[in-house]
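Note that our numbering has the sequence shown beginning at 43, numbered continuously upward.
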Amino acid sequence: MDLHNELRTKYMKTGADTIAAWIGDDEDRFAQLMDIYVHGTKAEIQRSAWAMDMVAQKFPGLAAKHIDTIVQRMEQPKLHDAVRRHGARILMMIDMPERIHASVMNLCFDLLADPKQAIAVRCLAMDVLAKLAITYPELKPELIALMENEEQPSAGFISRRNLVMAKLKKIS
């Protein structure tokens, strides 16, 4: 399969499904997708993130091997919402190595606090932080304060906040 060509054509869920099915659990094919994720055009990066997300749903270990690259891409300014959204979904699916916890915490707190970020990105950042709060319960007060102090929260934000608050109550 010519990944560049697949990512350049009219891209919909079926395109991401096709790429994800072609990659399967093949590390070399996933590495090809990661190369495009790093070096591709804006559109290719966005579309490759979607396919990566779909692969990670079935084979999270493939994405886990590239987590540093995924986080570095998510930290870049002027990034399409889809890239951050799919990156955050991947963070939810994998067991994050301890060495990236601090950078992921900082990234997710920044995303959550930024009202210019898409609601989906901010909600996924809440989920990632709640996941990290299991290991670092001292995150709870800051996360709760940030969620509660949201000015004019959307319905989606409120719904996710309620779910995350319920998870946080179960953490010692």
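Positions of the beta carbon are idealized from the N, C-alpha and C atoms, including for glycine.
Asked, Found
"Quick one: grab the DSSP three-state call for M147.", "helix"
"Run through DSSP, which three-state label would L121 get?", "coil"
"Beta-carbon separation of A124 and A93 under 8 Å?", "no"
"Out of curiosity, what's the CA-to-CA distance linking A98 and I136?", "8 Å"
"Does the separation of the CB atoms of V113 and L149 fall below 8 Å?", "yes"
"Report buried or exposed for I78, applying the criterion of at least 16 other Cβ atoms within 10 angstroms of its Cβ.", "buried"
"Of all the options Q118, W64, E86, which has the alpha carbon lying nearest to the alpha carbon of N47?", "E86"
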